[in-house]
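Please read the structure below before turning to the comments.
2 protein chains.
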Amino acid sequence: MGIDIETFVACSLGKWRSQRSAHHLAFAHFEEIRSMIEIEGLAKDDPAVLALCESQGVEPERIATPFKMSWEGETDWDEDDVLKGETILVPVPSQDSENSGKLLRDQGYAETIPAAGDYTITPDGTFILTTGYDRAAAEEKIWFASDNLRFRVSLIKTSDGKGVTTSSLSSEVRIVPKDK
Amino acid sequence: MGIDIETFVACSLGKWRSQRSAHHLAFAHFEEIRSMIEIEGLAKDDPAVLALCESQGVEPERIATPFKMSWEGETDWDEDDVLKGETILVPVPSQDSENSGKLLRDQGYAETIPAAGDYTITPDGTFILTTGYDRAAAEEKIWFASDNLRFRVSLIKTSDGKGVTTSSLSSEVRIVPKDK
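Protein sequences appear in the order of chains A and B. Using our numbering, the letters of the first sequence map in sequence onto residues 1 to 180. Using our numbering, the letters of the second sequence map in sequence onto residues 181 to 360.
Here's what the structure looks like:
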């Protein structure tokens, strides 16, 4: 069978130590990013959630568990650069499929305006998210190897979706189990 | 639909520049590997192919396109270490499925004895290979983003398949198209 978005979000809650490698393909550069990621559930009637729904024209009764993701880390690309941010994410399951829908976020990775991506969860439990931005498109695959270990492969594509500029792998180890 | 193993092998032929990042999870170490990989088709009656079939008890008339993979590269883990090797791979499609079967190889990545893995090709064209070794298990996912760009995610697992010791992402760009 597969899992639904509520289950996927529930499995993702907690604090994760992330080790990420990015490949900048045009010049074969390696980038190393170390970060801590925290994923927290939010109430469906949280004011920030309701505001995001309104900005994207989505009726709040259609949403599944919203959550907040915050991160803080560093990259070897620019030693002085501290990566830090947070974003609110709101899944909106499709009305005709249990395993796909829209994912609203109040800030994209690649741009700073609200964005909506399309997600689908494959029968083997891989969450696939594609998001189009003005000048780029992103494709992310996230899956669990075990309860406290998940992987995320991201591709940053040119806006026509044909070229890939950056690929990356994140290995994420949960350090605070969600039920503690 | 999906693609069959013959198509997957045909798409893989040629010379690839590989940029690979490995995450050694227990101590959060990053490893960078740069290599050149060459994939060449072999005749089904190549003596080395027939010998591998015999050693694994496989009738040669059941096999699909065999191929040879050779690589040469370097890792930043040990600056003096030159990675170099080659292996012969022989797909044996399952008799009851178009998209799965065994993949014989005369040398594994993790050990130096002949090995046989199980492959399946998902409807979205991802080739998934799982191989059990004496003291480890490997899971590889390979897919094409475009004709000349493919990605490979590998997990090295403990032999019970529950823990992951190493994850890696390879971004592979073809530098000599197969039809040149």
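We treat Cβ as the ideally placed atom computed from N, Cα and C, and that holds for glycine. Fair warning: this is a prediction, and the values are worked out from it, not measured in the lab.
Which one of the options has the shortest CA to CA distance from residue i?
| i | options | result |
| --- | --- | --- |
| B/I268 | B/S198, B/C233, B/G341, B/S201 | B/C233 |
| B/E211 | B/T245, B/L230, B/D261 | B/D261 |
| A/D46 | A/S55, A/R135, A/F67 | A/F67 |
| A/G85 | A/S146, A/R105, A/W71 | A/W71 |
| A/A136 | A/F151, A/S18, A/V92, A/G117 | A/G117 |
| A/D4 | A/A28, A/D124, A/A145 | A/D124 |
| B/L335 | A/L149, A/D160, A/S159 | A/L149 |
| A/Q56 | A/K15, A/G161, A/R17, A/L104 | A/L104 |
| A/G163 | A/L42, A/A138, A/R20, A/V153 | A/A138 |
| A/G73 | A/S168, A/R34, A/A10 | A/R34 |
| A/V153 | A/I175, A/L129, A/G161 | A/L129 |
| A/T65 | A/S18, A/S159, A/E40 | A/E40 |
| A/R240 | A/V90, A/L83, A/G161 | In the structure as shown, chain A starts at 1 and stops at 180, and residue 240 of chain A therefore has no counterpart that could be examined. |
| B/S198 | B/F331, B/G341, B/N279 | B/F331 |
Measuring only the C-alpha atoms, how far is residue i from residue j?
| i | j | result |
| --- | --- | --- |
| B/G281 | B/Q275 | 8 Å |
| A/I121 | B/W323 | 18 Å |
| A/G108 | A/M36 | Interpretation of A/G108 is limited by its pLDDT of 49, a score under 50 that renders its predicted location unreliable; the figure taken from the coordinates is listed afterwards. C-alpha separation (whole angstroms): 18 Å. |
| B/F188 | B/E352 | 15 Å |
| A/V49 | A/V92 | 12 Å |
| A/L25 | A/T165 | 6 Å |
| B/E186 | B/Y313 | 26 Å |
| B/A295 | B/A190 | 22 Å |
| B/W257 | B/F207 | 14 Å |
| B/M249 | A/V90 | 45 Å |
| A/I63 | A/A43 | 11 Å |
| A/E79 | A/S168 | 19 Å |
Can you have a look at residue i and say buried or exposed, based on whether 16 or more other CB atoms are within 10 angstroms of its CB?
| i | result |
| --- | --- |
| B/K170 | Given a span of 181 to 360 for chain B in the structure shown, any question on residue 170 of chain B remains unanswerable. |
| A/S170 | buried |
| B/A311 | It should be noted that the sequence gives Thr, not Ala, for residue 311 of chain B. The residue in question, B/T311, is buried, as its Cβ has 16 or more Cβ neighbours within 10 Å. |
| B/I307 | Reading off the sequence, residue 307 of chain B comes out as Phe, not Ile. That one is buried. |
| B/E239 | exposed |
| B/K321 | buried |
| B/S363 | Outside the displayed range of chain B (181 to 360) lies residue 363 of chain B, so it cannot be described from this structure. |
| B/A202 | buried |
| B/D286 | buried |
| B/A325 | buried |
Chain E beta carbons: is any one of them nearer than 9 Å to that of residue i?
| i | result |
| --- | --- |
| A/K15 | Annotation note: the requested chain E is absent from the structure, which comprises protein chains A and B. |
Checking the sheet assignment: what are the DSSP bridge partners for residue i?
| i | result |
| --- | --- |
| B/E220 | B/K248 |
| B/W323 | B/F331 |
| B/I268 | B/K248 |
| A/G201 | The first residue shown for chain A is 1 and the last is 180, placing residue 201 of chain A beyond what the model contains. |
| A/L169 | A/S21, A/V153 |
| B/G253 | B/S215, B/L263 |
| A/P47 | Beta-bridge pairing links A/P47 to no other residue. |
| B/T187 | Beta-bridge pairing links B/T187 to no other residue. |
| B/P273 | B/G281 |
| A/G161 | Its beta-bridge partners do not exist; DSSP assigns none. |
| B/F210 | B/H203 |
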